[in-house]
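*Asks:* Before anything else, here's the structure in question.
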Amino acid sequence: MMTRAAMILVLASLLAGCNLAGDITPPPALATAQAAAPVPATSEAAPAAGPTSSSPATQAPADVPAPVGIDTARGGVIWTEKCAPCHGETGQSDGVMTANLPSPPPQLGSAEVARTARPADWHAVVTNGRIERLMPAFASLSDAERWDVVAYALSLSSPAADVQAGEALYAENGCAQCHGDGQSGGGGGPSFQIPGLVRQRSLDDLAQAIRAGSPPAMPSYGETLTDDQVWALANYVRTLAWGSGIAEPPSTPAALQSGSIGGLVINGTAGASLPQGLEVILTGFDGELEVYRQTASVAGDGSYAFSDIPAVAGRIYGATVSHTGVLYFSEGAHLAGDGAPLDLPITIHDTTTDASALSIERLHILFDFTLPERVQVLELWVLSNRSDRTIVAAPGGAAVEAALPEGATDLGFEQGSIGDRFMLTERGFGDTQPVIPGTATSQFIFSYVMPYDGRLDFRRPTDYAVEAVVLLLPAAGVTAEGSGLQDLGVEQMGGQSVHSYASGAISAGGALELELSGKPTAESAGAPSSGLTNAAI
2 MMTRAAMILV
12 LASLLAGCNL
22 AGDITPPPAL
32 ATAQAAAPVP
42 ATSEAAPAAG
52 PTSSSPATQA
62 PADVPAPVGI
72 DTARGGVIWT
82 EKCAPCHGET
92 GQSDGVMTAN
102 LPSPPPQLGS
112 AEVARTARPA
122 DWHAVVTNGR
132 IERLMPAFAS
142 LSDAERWDVV
152 AYALSLSSPA
162 ADVQAGEALY
172 AENGCAQCHG
182 DGQSGGGGGP
192 SFQIPGLVRQ
202 RSLDDLAQAI
212 RAGSPPAMPS
222 YGETLTDDQV
232 WALANYVRTL
242 AWGSGIAEPP
252 STPAALQSGS
262 IGGLVINGTA
272 GASLPQGLEV
282 ILTGFDGELE
292 VYRQTASVAG
302 DGSYAFSDIP
312 AVAGRIYGAT
322 VSHTGVLYFS
332 EGAHLAGDGA
342 PLDLPITIHD
352 TTTDASALSI
362 ERLHILFDFT
372 LPERVQVLEL
382 WVLSNRSDRT
392 IVAAPGGAAV
402 EAALPEGATD
412 LGFEQGSIGD
422 RFMLTERGFG
432 DTQPVIPGTA
442 TSQFIFSYVM
452 PYDGRLDFRR
462 PTDYAVEAVV
472 LLLPAAGVTA
482 EGSGLQDLGV
492 EQMGGQSVHS
502 YASGAISAGG
512 ALELELSGKP
522 TAESAGAPSS
532 GLTNAAI
């Protein structure tokens, strides 16, 4: 059975594939978020699978300083303050703010996730952030503090009992004879604190090195240790790499830098002038949390300016203008502390109730056969407005109208409901949210149920031109046939196996017509996945 959350996640993965995922549920006052700076390439050499005393990986590169001892207790304090709200106290993606994110963060406390992660990669993410996923950069933390929180995050999937068992195995198997205490090396074996030896290796890498060994210097333990013992030993070896917890020297906090933000507001509607009396609201976000707000008037030439704005590492600033009841956004961007002003232009538009320029950029339809003798249909509409005016609802009406297939019942929405964003119409429902000019500027997800006895003649009418259609069915047992339908085969989306089809463009006033037949096999029906229960858009 594919849960509703799983269905949403499949559609979210489709959006990500066509670079539209960032358009869904941005921070409240930002339309888009500037991606974080690229992760810098590391100068540490990746070690060979089995370390030996002569391996080049055992020699620290001259430009990489010896690592300072890591304090996981301090990392735990940082985690609770800065990470737990989104990742959860135990890293299970169940924090108090998780539901507000465009997609749930990875379950860092899961062994399946943590075992494949390289500590250096997680350190880079903490340093640079993942702004496209609303994770800020934590450049305000010292380098040692970032390593502390990375070590703590990795420890969430390594129970203390496993580490203790690994310590016993380290002694029982004579590891100390070559590696000593793991920090200073021993009888020909490398120190685990050599830069690159462990911090550039995932736990999977360490486990493989233990299983395979590197004869003759290091024997293999794949035949003598169980999998649980190998993981326990790998976990213990990683703790040796963290060092003795030597505190770093106290640093003097840098003075808070500031800068200026400004831009030009223009009217993108041909022949339209810029109205007087406009105001720009500047907002700053640390992650999902709004931490700064200021208002300024727009000058007669359309310019606006803010001065003495805090230049905080990782913070995103964005500007908004309200015109004729519609909110228009700038892009989101970081304010550098180098004195250079940040330019955030904003384009507004006059409005129209004429929806003839509206098109459905992509129409995704997912069919779920979990319900007996019924099929649940989930649709994702990605909308484009080809005009230079924002399409709005007429008084008492909707900006976008969606007709439902004949026989559809149990209408539901992923965001909003009838009476707020949506309204019922004679042929289906309407969306009252404005659609600003541009490609893929609006989207919504809705579902309904239709009777199904092993065969269904499905007809989806549309008042708007459709550029492309993607159909998603169970991996096996159900087939779709229709004019111009292309079978794309079975693929993985959002952790689910689905059989996908594609259809070409549909003219305004036309319809998608196809025939569904068959029933999903038990294997393709699957089972609910607890890992998807928190998935949301």
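Residue 2 is where the sequence shown starts when you use the working numbering, and the numbers rise one by one after that.
Built from N, CA and C at the ideal position, the CB exists for glycine as well.
Fair warning: this is a prediction, and the values are worked out from it, not measured in the lab.
CA-CA distance, F1 and D488?
*Replies:* Residue 1 falls outside the range modelled here, since the chain spans only 2 to 538, and no answer is possible.
*Asks:* Just the C-alpha distance for G319 and T225, rounded to the nearest angstrom, thanks.
*Replies:* Residue numbering aside, residue 319 sits at position 318 when the sequence shown is read from its first letter. Residue numbering aside, residue 225 sits at position 224 when the sequence shown is read from its first letter. Rounded to whole angstroms, G319 to T225 spans 59 Å at the Cα level.
*Asks:* Which residues does DSSP pair with R387 in a beta bridge?
*Replies:* Start at 1 with the first residue of the sequence shown, and residue 387 comes out as number 386. Note: R387 sits in no beta bridge, so no partner.
*Asks:* E173: buried (16+ other C-beta within 10 angstroms of its C-beta) or exposed?
*Replies:* Residue 173 sits at position 172 when you count from the first residue of the sequence shown. Exposed.
*Asks:* So, with DSSP's three-state summary, where would you put S308?
*Replies:* Against the sequence shown, residue 308 aligns to sequence position 307. Three-state result, S308: strand.
*Asks:* By how many angstroms is the C-alpha of Q416 removed from the C-alpha of L204?
*Replies:* Locating residue 204 in the sequence shown gives position 203, counting from the first residue. Locating residue 416 in the sequence shown gives position 415, counting from the first residue. In a straight line, the C-alpha of L204 is about 40 Å away from that of Q416.
*Asks:* Terminal residues of the continuous alpha helix (DSSP H) containing N129?
*Replies:* Looking up residue 129 in the sequence shown gives position 128. First-last of the alpha helix (DSSP H) with N129: P120 to N129.
*Asks:* On the DSSP bridge assignment, give the partners of F139 in chain order.
*Replies:* As a working note, residue 139 is residue 138 in the sequence shown. Per DSSP, none; premise fails for F139.
*Asks:* Which residues in the same chain as I267 place their Cβ atom closer than 8 Å to its Cβ, once the five residues preceding and following it in sequence are excluded?
*Replies:* Numbered from 1 along the sequence shown, position 266 holds the residue referred to as residue 267. So the list reads L275, G303, P346, I347, T348 and I349, once near-sequence residues are dropped.
*Asks:* Following the continuous beta strand (DSSP E) through H324, name the residue where it begins and the one where it ends.
*Replies:* As a first step, residue 324 must be located in the sequence shown, where it is residue number 323. H324 -> beta strand (DSSP E) spans I317 to H324.
*Asks:* Do I361 and V467 have their C-beta atoms within less than 8 Å of each other?
*Replies:* Translated into the one-based positions of the sequence shown, residue 361 becomes position 360. Translated into the one-based positions of the sequence shown, residue 467 becomes position 466. Cβ distance < 8 Å, so I361 and V467 count as in contact.
*Asks:* If you draw a straight line from the alpha carbon of T352 to that of V479, how long is it in whole angstroms?
*Replies:* Against the sequence shown, residue 352 aligns to sequence position 351. Against the sequence shown, residue 479 aligns to sequence position 478. Computed Cα separation, rounded: 45 Å.
*Asks:* Excluding the 5 residues preceding and the 5 following R212 in the sequence, name in chain order all residues of the same chain whose CB lies nearer than 7 Å to its CB.
*Replies:* In the sequence shown, residue 212 corresponds to position 211, counting from 1. Taken in chain order, the residues that qualify are S221, Y222, G223 and V231.
*Asks:* By how many angstroms is the C-alpha of A161 removed from the C-alpha of A121?
*Replies:* In the sequence shown, counting from the first residue as 1, residue 121 sits at position 120. In the sequence shown, counting from the first residue as 1, residue 161 sits at position 160. If you take the alpha carbons of A121 and A161, they lie about 22 Å apart.
*Asks:* Could you tell me which residues DSSP puts in a beta bridge with G150?
*Replies:* Position 149 of the sequence shown holds residue 150. Inspection of the sequence shows that residue 150 is occupied by Val rather than by Gly. DSSP lists no partner for V150.
*Asks:* If you run the structure through DSSP and keep just helix, strand and coil, what is L279?
*Replies:* Reading the sequence shown from its first residue, position 278 is the one you call residue 279. L279 falls in the coil class under three-state DSSP.
*Asks:* Cβ atoms of A358 and R316: under 8 Å apart, would you say?
*Replies:* Numbered from 1 along the sequence shown, position 315 holds the residue referred to as residue 316. Numbered from 1 along the sequence shown, position 357 holds the residue referred to as residue 358. For R316 and A358, no; Cβs fall outside 8 Å.
*Asks:* Please report the residue range of the alpha helix (DSSP H) in which D205 lies.
*Replies:* Taking the sequence shown and counting its residues from 1, the one referred to as residue 205 is at position 204. Where D205 is concerned, the enclosing alpha helix (DSSP H) stretches over L204 to A213.
*Asks:* So who's on the other strand from S504, going by DSSP bridges?
*Replies:* As a working mapping, residue 504 is identified with position 503 in the sequence shown. According to DSSP, which records beta bridges pairwise, S504 is partnered with V470.
*Asks:* Is there contact between the segment 389-398 and the segment 491-508, where contact requires at least three CB pairs shorter than 8 Å?
*Replies:* Segments in contact, no.
*Asks:* So is I419 buried or exposed if we call it buried at 16+ other beta carbons inside 10 Å?
*Replies:* Mapped onto the sequence shown, residue 419 falls at position 418. Exposed, by the Cβ-count rule.
*Asks:* In this structure, what does DSSP give as the bridge partners for N174?
*Replies:* Residue 174 sits at position 173 when you count from the first residue of the sequence shown. According to DSSP, which records beta bridges pairwise, N174 is partnered with nothing at all.
*Asks:* Under three-state DSSP, which class holds S159?
*Replies:* The sequence position of residue 159 within the sequence shown is 158, counting from 1. Coil.
*Asks:* Quick one: grab the DSSP three-state call for D144.
*Replies:* Reading the sequence shown from its first residue, position 143 is the one you call residue 144. Residue state, collapsed to three classes: helix.
*Asks:* Helix or strand or just coil, what does DSSP make of G246?
*Replies:* For the purposes of this step, residue 246 is taken as residue 245 along the sequence shown, with counting starting at 1. Note that G246 scores 41 on pLDDT, short of 50, meaning its location in the model is unreliable; the coordinates nonetheless yield the value given after this. It is coil, neither helix nor strand.
*Asks:* CB W243 to CB A154, shorter than 8 Å?
*Replies:* Walking along the sequence shown from the start, residue 243 turns up at place 242. Walking along the sequence shown from the start, residue 154 turns up at place 153. No, they are not a contact pair.
*Asks:* Output the distance between the C-alpha atoms of P107 and G175, rounded to the nearest integer angstrom.
*Replies:* Translated into the one-based positions of the sequence shown, residue 107 becomes position 106. Translated into the one-based positions of the sequence shown, residue 175 becomes position 174. C-alpha separation (whole angstroms): 37 Å.
*Asks:* Measuring straight from C-alpha to C-alpha, what distance separates M451 and A112?
*Replies:* In the sequence shown, the residue the question calls residue 451 occupies position 450. In the sequence shown, the residue the question calls residue 112 occupies position 111. C-alpha separation (whole angstroms): 41 Å.
*Asks:* Using the Cα positions of V126 and R428, report the straight-line distance between them to the nearest angstrom.
*Replies:* On the sequence shown, residue 126 is found 125 positions in, with the first residue counted as 1. On the sequence shown, residue 428 is found 427 positions in, with the first residue counted as 1. Distance between the alpha carbons of V126 and R428: 48 Å.
*Asks:* Starting from L77, trace the alpha helix (DSSP H) both ways and give me its first and last residue.
*Replies:* In the sequence shown, residue 77 corresponds to position 76, counting from 1. The sequence shown places Gly at residue 77, rather than the Leu named in the question. Where G77 is concerned, the enclosing alpha helix (DSSP H) stretches over T73 to I79.
*Asks:* Taking the C-alpha atoms as reference points, what is the distance between E562 and T284?
*Replies:* Residue 562 is absent from the structure shown; the chain starts at 2 and stops at 538.
*Asks:* Buried or exposed: where does A255 fall if 16 or more other Cβ atoms within 10 Å of its Cβ makes it buried?
*Replies:* For this step, residue 255 is matched to residue 254 along the sequence shown. Interpretation of A255 is limited by its pLDDT of 47, a score under 50 that renders its predicted location unreliable; the figure taken from the coordinates is listed afterwards. Burial call: exposed.
*Asks:* Q295 CB to nearest chain B CB: under 8 Å?
*Replies:* No chain B is present in this structure, which holds just one protein chain.
*Asks:* Tell me the residue span of the beta strand (DSSP E) that contains P452.
*Replies:* Residue 452 sits at position 451 when you count from the first residue of the sequence shown. It spans G439 to P452 - the beta strand (DSSP E) in which P452 sits, taken as one unbroken run.
*Asks:* Please state the DSSP three-state secondary structure of T33.
*Replies:* As a first step, residue 33 is located in the sequence shown; it is residue number 32 there, counting from the start. Any reading at T33 is ruled out, since the residue's pLDDT is 31, under 50, leaving its predicted position unreliable.
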